[in-house]
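Asks: Numbering (numbering that gives the first Met the number 0), first residue to last: 0 to 318.
C-beta: ideal position from N, C-alpha, C; glycine also.
Next up is a structure, given as structure tokens.
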Amino acid sequence: MEKKYDVIALGELLIDFPMNGKSEQGNNLFEACPGGAPCNVLALLNKMGKKTAFLGKVGEDQFGTLLRDTITEAGIDASHLMMDKDVNTTLAFVHTFPDGDREFSFYRNPGADMMLREDEVDPEFIAQTRLFHFGTLSMTHDGVRAATKKALKAAKENGCLISFDPNLRPPLWSSLDLAKEQMEYGFGYCDILKISDNEIQFVSGKEDYDEGIAYLQEKYNIPLILLTMGKDGSRAYYKGMRVERPGFTVSAIETTGAGDTFCGSSLNYILEHDFDNLTEDQLGEMLTFANAAAALITMKKGAIRAMPEREDVMKLIEG
Numbered sequence: 000m001e002k003k004y005d006v007i008a009l010g011e012l013l014i015d016f017p018m019n020g021k022s023e024q025g026n027n028l029f030e031a032c033p034g035g036a037p038c039n040v041l042a043l044l045n046k047m048g049k050k051t052a053f054l055g056k057v058g059e060d061q062f063g064t065l066l067r068d069t070i071t072e073a074g075i076d077a078s079h080l081m082m083d084k085d086v087n088t089t090l091a092f093v094h095t096f097p098d099g100d101r102e103f104s105f106y107r108n109p110g111a112d113m114m115l116r117e118d119e120v121d122p123e124f125i126a127q128t129r130l131f132h133f134g135t136l137s138m139t140h141d142g143v144r145a146a147t148k149k150a151l152k153a154a155k156e157n158g159c160l161i162s163f164d165p166n167l168r169p170p171l172w173s174s175l176d177l178a179k180e181q182m183e184y185g186f187g188y189c190d191i192l193k194i195s196d197n198e199i200q201f202v203s204g205k206e207d208y209d210e211g212i213a214y215l216q217e218k219y220n221i222p223l224i225l226l227t228m229g230k231d232g233s234r235a236y237y238k239g240m241r242v243e244r245p246g247f248t249v250s251a252i253e254t255t256g257a258g259d260t261f262c263g264s265s266l267n268y269i270l271e272h273d274f275d276n277l278t279e280d281q282l283g284e285m286l287t288f289a290n291a292a293a294a295l296i297t298m299k300k301g302a303i304r305a306m307p308e309r310e311d312v313m314k315l316i317e318g
């Protein structure tokens with residue numbers, strides 16, 4: 000099968016509303032930023048010259064139209080973006096605390112992203128990609144979970160590399176046990192896992208990151224695990240190697256999309272190199288670039304429209 004795309008991602012496309020100051024009356028102002036982890040990843044890949052496509056669903060409303068136009072403008076193929084007449088586009092309000100940490104309020108009961116159905120997934124479309132990327136927001140409910148599993152099966156059968164970022168959002172799950180179970184399903188399928196420090200602790204029950212990763216490797220035999228540790232940088236675990244690179248210090252205003260930018264940068268590197276034979280130096284180079292790109296995105300609001308250029312990332316690395 001001829002590969003038309005470098006990466007196809009499946010999952011949520013929504014509007015993130017980060018706080019952006021106060022009005023003259025003292026009311027909080029929120030800014031409508033197109034977002035959703037899988038598309039954030041694709042937006043970075045497009046910036047790096049890769050061909051991408053998205054599979055998901057938005058509402059047939061103003062926000063849905065805005066999202067379709069936004070990803071199309073970013074160069075992401077939207078031919079498999081479905082529009083739902085009955086259910087509104089999913090919204091997420093991002094409340095930022097003084098220390099820069101955040102909390103999400105989701106408007107998704109239901110939201111259009113979770114209405115993607117199994118019969119809307121075309122295995123022949125999935126077969127056209129080199130790499131398939133997904134998360135767990137498309138596994139919170141039965142219908143969209145079946146759609147995700149069908150896409151995964153098609154990716155596996157067509158020899159695509161499979162990348163997984165659990166992107167755990169506890170408020171969206173009926174129970175944390177179900178969240179854990181679906182994360183474990185993803186671990187069983189992926190070649191590349193991008194996981195954050197708090198997620199590895201959650202899923203392994205181990206305080207120490209290395210112990211948590213070792214547990215995952217023993218149980219699921221995932222070829223490459225990328226661990227993000229916020230401002231402390233990141234690690235890659237691959238074929239018995241453990242490579243760590245420090246983060247970059249920038250004046251961050253908002254961390255939404257940092258993990259996705261890291262993930263997209265790493266996938267971009269993997270697509271340009273031999274995944275089966277990565278060296279320690281290459282893994283280090285990949286992490287440094289991904290850490291720098293992730294740092295840059297925290298200096299802007301939103302993610303899809305704020306992805307850095309390769310030159311800007313190199314400038315930050317060269318200091």
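(1) Verify whether the separation of the beta carbon atoms of Asp83 and Gly58 is less than 8 Å.
(2) Could you say which of Ala126, Leu136 and Glu102 lies nearest to Pro109 if we only look at CA atoms?
(3) By a C-beta neighbour count over all protein chains shown, 10 Å radius and 16 as the cutoff for buried, is Thr287 buried or exposed?
(4) Should Ile224 go down as buried or exposed, given a rule of 16 or more other Cβ atoms within 10 Å for buried?
(5) Does DSSP put Asn45 in a helix, in a strand, or in coil?
(6) DSSP three-state call for Phe186: helix, strand or coil?
(7) Measuring only the C-alpha atoms, how far is Lys314 from Met285?
(8) Whole angstroms is fine: what's the gap from Leu160's alpha carbon to Ser22's?
(9) On the criterion of 16 or more Cβ atoms from any shown chain inside 10 Å, does Thr227 qualify as buried, or is it exposed?
(10) How many angstroms separate the CA atom of Val312 from the CA atom of Thr297?
(11) Can you name the residues that DSSP bridges to Gly55?
(12) Looking only at DSSP bridge pairs, what is Leu175 linked to?
(13) Does the separation of the CB atoms of Gly204 and Asn39 fall below 8 Å?
(14) Could you give the DSSP three-state label for Asp159: helix, strand or coil?
(15) Could you tell me the alpha carbon to alpha carbon distance between Gly142 and Glu117, rounded to whole angstroms?
(16) For my contact list, Ile75 and Ala52 are in at a C-beta cut-off of 8 Å; report their separation, rounded to the angstrom.
(17) In the DSSP output, which residue or residues are listed as bridge partners for Tyr237?
Replies: With the structure as the only source:
(1) As a position in the sequence shown, residue 83 is number 84, starting the count at 1. As a position in the sequence shown, residue 58 is number 59, starting the count at 1. In contact: Asp83 and Gly58 (Cβ atoms closer than 8 Å).
(2) The count along the sequence shown starts at 1 and reaches residue 109 at position 110. The residue with the shortest Cα to Cα distance from Pro109 is Leu136.
(3) In the sequence shown, counting from the first residue as 1, residue 287 sits at position 288. Buried, since its Cβ has 16 or more Cβ neighbours within 10 Å.
(4) Looking up residue 224 in the sequence shown gives position 225. Per the 10 Å Cβ criterion, buried.
(5) Here residue 45 corresponds to residue number 46 of the sequence shown, with the count starting at 1. Helix at Asn45.
(6) Counted from its first residue, the sequence shown places residue 186 at position 187. The answer is helix: DSSP assigns Phe186 an H, G or I state.
(7) In the sequence shown, the residue the question calls residue 314 occupies position 315. In the sequence shown, the residue the question calls residue 285 occupies position 286. Spanning the two alpha carbons is a distance of roughly 15 Å.
(8) Taking the sequence shown and counting its residues from 1, one reaches residue 160 at position 161. Taking the sequence shown and counting its residues from 1, one reaches residue 22 at position 23. The alpha-carbon atoms of Leu160 and Ser22 are separated by roughly 47 Å.
(9) In the sequence shown, the residue the question calls residue 227 occupies position 228. Buried is the call here.
(10) Reading the sequence shown from its first residue, position 313 is the one you call residue 312. Reading the sequence shown from its first residue, position 298 is the one you call residue 297. In a straight line, the C-alpha of Val312 is about 13 Å away from that of Thr297.
(11) Stepping through the sequence shown from its first residue, residue 55 is reached at position 56. Answer is Leu80.
(12) For this step, residue 175 is matched to residue 176 along the sequence shown. In the DSSP output, where bridge partners are listed per residue, Leu175 has none listed.
(13) Taking the sequence shown and counting its residues from 1, one reaches residue 204 at position 205. Taking the sequence shown and counting its residues from 1, one reaches residue 39 at position 40. No.
(14) Locating residue 159 in the sequence shown gives position 160, counting from the first residue. The amino acid occupying residue 159 in the given sequence is Cys; Asp does not appear at that position. Coil at Cys159, not helix or strand.
(15) For the purposes of this step, residue 142 is taken as the residue at position 143 of the sequence shown. For the purposes of this step, residue 117 is taken as the residue at position 118 of the sequence shown. Rounded to the nearest angstrom, the two C-alpha atoms are 7 Å apart.
(16) Taking the sequence shown and counting its residues from 1, one reaches residue 75 at position 76. Taking the sequence shown and counting its residues from 1, one reaches residue 52 at position 53. The Cβ separation is near 7 Å, so the contact holds.
(17) For the purposes of this step, residue 237 is identified with residue 238 of the sequence shown, where counting begins at 1. Leu223 and Met240, per the DSSP bridge assignment.
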